[in-house]
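Residue numbering for the sequence shown follows this note's numbering, beginning at 367 and increasing consecutively. Quick reminder that beta carbons are idealized off the backbone N, C-alpha and C, glycines included. Everything below concerns the one structure shown next.
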Amino acid sequence: MNLHLTIRNLAPNEMYVANQLAEIDGRNPGLNDAEYLLSATKGGVVAALSDTQVAGTIAAVNYDDDLSFIGLHMVIPELRGNGLSEKLLSVVMDSIGNNNIGVNCREELIPLYENFGFKPAFKIITYEGITDGEFKMAPDIVSPLLFPFDKLYSYYEKYYHYKKKLFMNAWLNQPKSLLLGKYVDGEYKGFGLFEPCLRGYKAAPLISDNMEIAEEILIALASHFEKGMPFYIDMPETNINGINLVQKMNLKKVSETTRMYKGIEHENVLNNIYSFTSLEVG
C-alpha cells in the first residue's frame, strides 16, 4: 500500500463520513446509524484516513459483555484488494476481545471473515416497496411512545436474546422516524419502526407474532408517507411467513448479505423477525 494512511476512531462530529462512504459503496444505511454507535453503545467507528479522503471505515458495537457486532466495513473502490479491509477488521477484532460477534457480510468479504473464524449462518434479503399514498390503519395499531418503554422492550427481548436496552431506548426515539405497534388487551403483538435512510425509509425492526400482524404494521407505516417513496425490509431468508408476505405485497428483492457469527450460531428467533434492526449495527 503506497498511500500513507492514518487509522483512528472517528469523533462524533465526523460520523457523517461513514454515510458518505456508504453512498459511494452503494449501501443504504439509516441516516442515524453511525451516530447511535457512539451515543447508545460501547462502540464506535474506525476510519482509515489520508490527507485528502476517507479510504475505509469499520464499526464495532458492544451491546453487553457477551455480544458485539461489526458494521460499516467499507473501502473505497480504488484501494480494494491491497489489504486495507483486513487491516481494519484486525483493528476492531483486537478491540472486541473474546465476545461473541455478529456481522452482516457482503459476498466478497465472506472469505476474509472466515479467515478470522466467522461462520455463515443465514442470508438476509433486502426487499423494496413503494408507498401508494393511501392511509390505512388496522384496528389496535398504536404509537408505542404512548406506553412505558419497558413493556415494548420486553416484547423485543422475546426475539432478540442479548441485552440491548440502552441502545433500543435511544434507537426507537430517533428523529424523523415513525414507530407503530399492535397492542391488544394490554399486550404487544408486534411493532415496527420506519427509520430515515439515504434512500427512503427502512423497517428497522419489524417484529410480530405472525404474518398478518406484520403486514398490518408495515402497511400502516408505509401509509404515513407520500406516494412514490421507497421503503425497505431486511428479512432473514429462513422466515417462510416473511417470504409469503413479500410475495403478497409484491416487494422487489434488491440485495442480499450473509449473517456470520464467531462464537455463537445466532442470537435471534428468526420466524418472527420480518426486518432486522440494522444491517450495520445488529
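Given a cut-off of 8 Å, decide if residue j and residue i are closer than it, judged by their beta-carbon atoms.
i	j	result
Ile467	Ser434	yes
Ile585	Ser641	no
Ala570	Ser509	no
Leu544	Leu559	yes
Please go through the same chain and pick out, in chain order, the residues whose beta-carbon is closer than 6 Å to the beta-carbon of residue i, but skip the five residues on each side of it.
i	result
Met367	Only weak support is given to the placement of Met367: the predicted model assigns it a pLDDT of 49, under 50, and the value that follows is read from those uncertain coordinates. Taken in chain order, the residues that qualify are Asn448.
Ala588	Thr497 and Phe597
Any idea what DSSP makes of residue i, helix, strand or coil?
i	result
Asp516	helix
Pro541	coil
Met367	Reliability fails at Met367, whose pLDDT of 49 lies under 50, so the model's placement of it is uncertain and the value that follows must be treated cautiously. In the structure shown, Met367 sits in coil (DSSP, three-state: anything other than H, G, I, E or B).
Ala588	helix
Pro510	helix
Glu553	strand
Phe482	coil
Met615	coil
Phe533	helix
For the candidate residues the options, whose alpha-carbon lies nearest to that of residue i?
i	options	result
Gly566	Leu445, Pro596, Asn576 and Leu545	Pro596
Gln540	Asp391, Leu376, Glu380 and Ala400	Ala400
Gly392	Thr643, Pro571, Cys563 and Ile606	Cys563
Lys628	Lys614, Gly463 and Ala504	Gly463
Ser416	Ile390, Gly409, Arg374 and Gln386	Arg374
Ile490	Asn616, Ile609 and Gln613	Ile609
Ser451	Asn465, Asp432 and Cys471	Cys471
Leaving out the 5 sequence neighbours to the left and right, which residues in its chain are closer than 7 Å to residue i when beta-carbon positions are compared?
i	result
Ser520	none
Gly556	Gly547, Lys548, Ile573, Ser574, Asp575, Ile579, Ala580 and Ile583
Val458	Val412, Ile424, Ala426 and Ile436
Lys485	Met626 and Tyr627
With respect to 7 Å, is the separation between the Cβ of residue i and the closest non-hydrogen atom of the ligand NAD below this value?
i	result
Gly608	Absent from the structure shown: the ligand NAD. Ligands present: none.
Please determine if the stretch 619-627 and the stretch 587-595 are in contact, where contact requires at least 3 C-beta pairs separated by less than 8 Å.
no
Should the stretch 600-608 be regarded as contacting the stretch 531-538, the criterion being three or more beta carbon pairs within less than 8 Å?
no
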